[in-house]
């Protein structure tokens with residue numbers, strides 16, 4: 001069906017004007033319609049398309065935060081949102097509205113990687129995630145631009161798409177990529193995000209902290225405080241290459257990372273001081289002989305049952 | 001209260017302007033159905049009793065116009081169902097949309113919003129305010145600090161993009 005361009009322009013104009021609640025010129029509109037049956041057809045086509053689009057758009061709601069989705073989806077349709085900050089809300093809703101709608105209908109599945117193992121999952125063309133040992137992640141069957149890291153560590157290589165940013169949820173925190181290779185570690189209550197390429201926005205709705213290449217954001221699990229430190233970009237996700245680097249790490253963290261990476265049980269000796277271990281090591285020798293850790297990180301290593309206890313010398 | 005001793009302003013306006021509405025509906029392309037639709041307008045206003053209306057005649061025209069748009073939309077949907085007949089499992093569309101259809105609808109909504117955003121910084125906002133919140137164009141112009149003609153021009157752009165989207169979608 002082709003519509004004459006002049007008629008189409010007039011139809012668009014009338015659709016805009018007659019659609020306004022304050023429109024009064026119905027007799028002039030009638031005269032235009034009477035002039036040519038094609039006018040009414042063109043007007044119908046525009047008005048119906050706009051009605052269809054309005055129906056679809058109102059169905060996705062106007063809120064813009066994943067976290068609000070669960071509570072607000074039902075009210076978004078009913079509530080006529082006040083116009084305070086409306087321009088901002090509406091522009092965020094362009095991306096967020098869609099995300100909001102999906103949040104309630106996510107078709108999630110879970111991938112668990114055992115300690116000592118590793119796995120790579122492809123998301124969409126150009127995006128994949130390398131999962132470290134002892135890691136659990138949830139992915140959406142229908143939306144390759146969403147993931148939820150339950151625990152563990154993962155190196156994200158994400159093709160950037162302006163229209164559909166990749167969102168990663170970690171506990172209550174949200175990370176949004178800005179074209180990116182980034183590593184996320186979530187063990188216990190601690191969270192760290194290190195970026196080697198592109199950038200990541202941490203909690204866009206809250207702190208909105210940008211993490212640039214060569215930076216690592218750490219969030220303290222106890223008080224929620226976040227700090228930003230420098231990290232060598234080569235070091236980001238190096239576990240994937242079979243290497244671990246510790247910088248003023250606690251023995252608990254070293255033990256936990258080693259256990260996840262190798263599948264061998266390590267534990268910290270009680271009473272060790274926090275932030276005492278620095279150094280870089282390859283995992284292969286540790287897998288062969290955990291005792292080699294003593295030399296590599298200058299630690300005391302002893303066997304206890306099936307596992308190994310590491311302590312200060 | 002089942003009967004009222006006097007007619008509402010809207011009902012009086014209907015009775016006085018019935019011919020005008022019929023003319024409008026015929027011009028709108030209602031043909032022989034014009035009488036039926038004008039009757040539908042009557043049923044709508046006498047059953048819903050929308051309360052005091054600032055401009056009763058405009059309200060009647062608008063009701064008639066929306067009925068025509070709805071008829072057009074159902075006719076198009078029926079045509080599309082007929083075309084898709086060979087793919088369908090049954091002749092009756094399901095009462096509740098399936099999960100698949102809901103996902104498709106959300107994807108389309110997202111696409112429309114991105115399309116509108118691509119038309120300029122205000123367009124999606126204006127569209128939402130007007131079409132979803134039902135705000136008058138004059139009020140939107142005031143809130144955004146732009147002229148009424150700017151709002152109209154934003155909406156024309158949005159409607160054009162949406163019409164073109166609809167055409168390509170229906171051809172697909």
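Residue numbers (UniProt numbering), protein chains in the order written: chain A, 1 to 313; chain B, 1 to 172. Idealized CB from N, CA, C, for every residue including glycine.
Rounded to the nearest angstrom, what separates residue 57 of chain A and residue 44 of chain A at their Cα positions? If I take the Cα positions, the gap works out to 20 Å.
Under 7 Å between C-beta atoms, does residue 103 of chain B make it to chain A? With respect to chain A, the C-beta atom of residue 103 of chain B has a partner C-beta closer than 7 Å.
If we cut at 7 Å on Cβ distances, does residue 75 of chain B have a partner in chain A? no
Partners in chain B for residue 37 of chain A, counting only beta-carbon separations shorter than 7 Å: 29
Check whether chain B comes within 7 Å of residue 14 of chain A, counting only Cβ atoms and requiring the distance to be less than that. no
Nonlocal neighbours in the same chain, by C-beta distance under 8 Å from residue 315 of chain A, ignoring five residues either side: Outside the modelled stretch of chain A, which goes from 1 to 313, sits residue 315 of chain A, for which no answer is possible.
Measuring only the C-alpha atoms, how far is residue 79 of chain A from residue 133 of chain B? Low confidence applies here, because residue 79 of chain A scores a pLDDT of 34, under 50, leaving its location unreliable and the question unanswered by this model.
Assess, as a yes-or-no matter, whether the region 18-30 of chain A is touched by the region 51-63 of chain B under the definition of 3 or more beta carbon pairs within less than 8 Å. yes
Neighbourhood of residue 68 of chain A by C-beta distance below 6 Å, restricted to the same chain and skipping five residues each side: Only weak support exists for where residue 68 of chain A lies, its pLDDT of 31 falling under 50; the coordinates are left without a value.
Within the continuous beta strand (DSSP E) that includes residue 308 of chain A, where are the two ends? 307-311
Using a Cβ-Cβ cutoff of 9 Å, what residues of the region 277-301 of chain A are near chain B? List them in chain order. Taking 9 Å as the Cβ-Cβ cut-off against chain B, none of the residues of the region 277-301 of chain A qualify.
Taking contact to mean at least 3 C-beta pairs separated by less than 8 Å, is the region 96-106 of chain B in contact with the region 136-144 of chain B? no
Alpha-carbon spacing of residue 61 of chain A relative to residue 42 of chain A, whole angstroms: Because the pLDDT at residue 61 of chain A is just 49, under 50, the model does not fix this residue reliably, and the value given afterwards should be weighed accordingly. The straight-line gap separating the alpha-carbon atoms of residue 61 of chain A and residue 42 of chain A is approximately 29 Å.
Residue 132 of chain A vs residue 116 of chain A beta-carbon contact at 7 Å: Contact: no.
Go through its chain and collect everything with a Cβ distance to residue 227 of chain A's Cβ below 6 Å, but skip five positions before and after it. 218
Could you work out which residues of chain A lie near residue 82 of chain B, taking near to mean beta carbons separated by less than 9 Å? By Cβ distance, chain A contributes nothing, its closest Cβ being about 16 Å from residue 82 of chain B, past 9 Å.
Going by DSSP, which residues form a beta bridge with residue 324 of chain A? This structure leaves residue 324 of chain A out entirely; chain A is present only between 1 and 313.
Taking 7 Å as the threshold (C-beta atoms), are residue 40 of chain A and residue 28 of chain B in contact? yes
When the cut-off is 7 Å and only beta carbons count, does residue 163 of chain A lie next to chain B? It does; some Cβ of chain B falls within 7 Å.
Can you give me the start and stop residues for the alpha helix (DSSP H) that residue 326 of chain A sits inside? No answer is possible for residue 326 of chain A: it lies beyond the span of chain A, which begins at 1 and ends at 313.
Less than 7 Å between CB atoms is the rule here; does residue 137 of chain B satisfy it with respect to chain A? yes
Among all the DSSP beta bridges, which residues are the ones paired with residue 210 of chain A? A:201
Are residue 210 of chain B and residue 53 of chain A closer than 7 Å when you measure CB to CB? Because chain B spans 1 through 172 in this model, residue 210 of chain B falls outside it and cannot be assessed.
For residue 255 of chain A and residue 268 of chain A, which I take to be in contact (beta-carbon distance under 8 Å), what is that distance rounded to the nearest angstrom? 5 Å
State the DSSP-derived secondary structure class of residue 257 of chain A, mapped to helix, strand or coil. Here residue 257 of chain A sits in helix by DSSP.
Cβ pair count under 8 Å reaching 3, the region 15-28 of chain B against the region 292-305 of chain A: no
Three-way DSSP call (helix, strand, coil) for residue 264 of chain A in this model: coil
In chain order, what residues of the same chain have a beta carbon less than 6 Å from the beta carbon of residue 194 of chain A, not counting five sequence neighbours either side? Contacts found: 183, 216, 231, 236.
When DSSP labels each residue in this structure, what does residue 223 of chain A get in the three-state scheme? coil
Can the beta-carbon of residue 280 of chain A be found less than 7 Å from the beta-carbon of residue 245 of chain A? yes
List, in chain order, every chain B residue whose beta-carbon is nearer than 7 Å to that of residue 54 of chain A. The contact set of residue 54 of chain A on chain B, defined by CB atoms closer than 7 Å, consists of 131, 132 in chain order.
Backbone CA spacing between residue 162 of chain A and residue 167 of chain B [nearest angstrom]: 26 Å
Strictly by DSSP, which residues pair up with residue 109 of chain A? A:139
Please report the Cβ distance between residue 177 of chain A and residue 202 of chain A, rounded to the nearest whole angstrom; I am assuming they are in contact, meaning their Cβ atoms lie under 8 Å. In this structure, residue 177 of chain A and residue 202 of chain A do not form a Cβ contact; the two beta carbons are roughly 11 Å apart against a cut-off of 8 Å.
For residue 85 of chain A, collect the residues of the same chain with a Cβ closer than 6 Å to its Cβ; drop the 5 residues on either side in sequence, then sort them by chain order. Residue placement at residue 85 of chain A is poorly supported in this model, since its pLDDT is 37, which falls under 50; the coordinates still yield a value, given next. Once the five neighbours on either side are set aside, residue 85 of chain A has no close Cβ partner at all.
Through-space distance from residue 301 of chain A to residue 313 of chain A, alpha-carbon basis: Residue 313 of chain A and residue 301 of chain A: Cα-Cα distance of roughly 9 Å.
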